[in-house]
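Everything below concerns the one structure shown next.
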Amino acid sequence: MNDPLSKAQLDYLKKRSRHKRIVLAGQILIFFLFVGIWELTARTGLLNDFIFSSPSRMITCFIRMTKDLSIFRHIGITLAETAGSFFIVMAAGLLFAMILWLSPTLSGLLEPYLVMLNSLPKSALAPVLIVWLGNNVKTIVVAAVSVAVFGSVMTLHTGFRSVDQDKVKLIYTLGGTKRDVLRKVLVPSAVPLIINNMKVNIGLCLVGVIIGEFLAADEGLGYLIIYGSQVFKMDIVMMSIVILCIISMGLYRLIGILEKHCVKQH
32 MNDPLSKAQL DYLKKRSRHK RIVLAGQILI FFLFVGIWEL TARTGLLNDF IFSSPSRMIT
92 CFIRMTKDLS IFRHIGITLA ETAGSFFIVM AAGLLFAMIL WLSPTLSGLL EPYLVMLNSL
152 PKSALAPVLI VWLGNNVKTI VVAAVSVAVF GSVMTLHTGF RSVDQDKVKL IYTLGGTKRD
212 VLRKVLVPSA VPLIINNMKV NIGLCLVGVI IGEFLAADEG LGYLIIYGSQ VFKMDIVMMS
272 IVILCIISMG LYRLIGILEK HCVKQH
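Okay, so the sequence shown: first residue is 32 according to the numbering used here, each after it adds one.
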């Protein structure tokens, strides 16, 4: 049977709960205040609603595009490309980080090249990828993967190298191998690092997908942004940007739920 909480613990939990409610209320208030000011300034002419659009015009545009389901098709394509590139980045990042940890010589050889590739502006690669792979989904996914994978490898490898050396020595003392260290020490201790890496990579993959859709797509939210700017339909542009903000927040929250589940398991 669980021990009852003390008065001090109950007071702490109440304060923490009150703080969360205040923060949530403040966030909601800021959002509606921003939307209200935006709409008001657009209606009164302080902002040119042709250039800056307005919340009401974006809602009208969204409703119009829901009637033929086109907006859901564009959202679904961007989400699918983001999810695919994210899983590739995480799998490749973990695999190559483990390989580099297993081979210090290979790590030393490749480290400067990883730094160089990670620092390279990935938008510069997009036109080259179109020539190599064509104007298709493969180009978009590869562009998204290139944005995140090199940083992921470096971050995970650095985390693997900082693992508790006493535990590693204990495994070796008991006759274990590098595989045992990898399975029993390295990966379990790196779970928080992997989760944090996932939080970063999900946003980077979304950015990479949008970069790819700017140049090599005829569907998706990135395509809508480019199309809307070219034909001066700023309602479509601003609506797509707002949807991207909602998607990025939602994906980050999903990783947060996964993190809480992992914490409970440990």
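Virtual Cβ for every residue (Gly too), placed ideally from N, Cα, C. For clarity, every value in this text was computed on a predicted model and none was experimentally measured.
State the DSSP-derived secondary structure class of S193, mapped to helix, strand or coil. DSSP, reduced to helix, strand and coil, places S193 outside both helices and strands of the structure shown, so it counts as coil.
Beta-carbon separation (whole angstroms), H105 vs L275, contact threshold 8 Å: The pair is not a contact, with the Cβ atoms about 11 Å apart (cut-off 8 Å).
Own chain, CB closer than 7 Å to D266, minus 5 neighbours either side, in chain order: Excluding positions up to five away in sequence, the list reads S84, R88, M89 and C92.
Could you tell me the alpha carbon to alpha carbon distance between K46 and L60, rounded to whole angstroms? One C-alpha to the other measures close to 21 Å.
Can you tell me which of the three DSSP states F83 falls into? The three-state secondary structure of F83, taken from DSSP, is helix.
Determine, using beta carbons only, whether A39 comes closer than 8 Å to chain B. This model lacks chain B altogether; it includes just one protein chain.
Does DSSP classify V173 as helix, strand or coil? Here V173 carries a helix assignment [DSSP, helix/strand/coil].
Would the region 67-81 count as touching the region 207-221 if we require 3 or more Cβ pairs under 8 Å? They do not touch, by the three-pair rule.
Return helix, strand or coil for A123, following the three-state DSSP convention. Three-state DSSP puts A123 in a helix.
Could you give the first and the last residue of the continuous alpha helix (DSSP H) run that contains K45? For K45, the enclosing alpha helix (DSSP H) starts and ends at K38 to T75.
Is the region 182-190 close to the region 98-118, with three or more CB pairs under 8 Å? The region 182-190 and the region 98-118 do not touch, with fewer than 3 CB-CB distances between them shorter than 8 Å.
For W132, count neighbouring C-beta atoms within 10 Å of its own C-beta (all shown protein chains included) and say buried if the count is 16 or more, exposed if not. It counts as buried.
CA-to-CA distance, N167 to G259, given in whole angstroms: Between the C-alpha atoms of G259 and N167 there is a straight-line separation of about 20 Å.
Three or more C-beta pairs below 8 Å linking the region 196-205 and the region 168-175: They do not touch, by the three-pair rule.
Within 10 angstroms of its Cβ, does S177 collect 16 or more other Cβ (buried), or is it exposed? Buried.
Which of helix, strand or coil does DSSP assign to V273? It is helical.
Three or more C-beta pairs below 8 Å linking the region 273-292 and the region 232-243: In this structure the region 273-292 lies against the region 232-243, because at least three pairs of beta carbons, one per stretch, are closer than 8 Å.
Cα-Cα separation between I68 and S138, rounded to whole angstroms: Roughly 53 Å separates the two Cα atoms.
Around the Cβ of H50, are there at least 16 other Cβ atoms within 10 angstroms (buried) or fewer (exposed)? Burial call: exposed.
Whole angstroms are fine: how far does the CA of S220 sit from the CA of R95? So the alpha carbons of these two residues sit roughly 50 Å apart.
Nearest by alpha-carbon distance to A179: which of V159, G115 and L205 is it? Minimum Cα distance to A179 is reached at G115.
Can you tell me whether V194 is buried or exposed, with buried defined as 16 or more other CB within 10 angstroms of its CB? A residue is called buried once 16 or more other Cβ atoms fall within 10 Å of its Cβ, and V194 is buried on that count.
Ends of the alpha helix (DSSP H) at P143? For P143, the enclosing alpha helix (DSSP H) begins and ends at P135 to S150.
By the DSSP assignment, the alpha helix (DSSP H) with D211 in it spans what residues? Residues K209 to V212.
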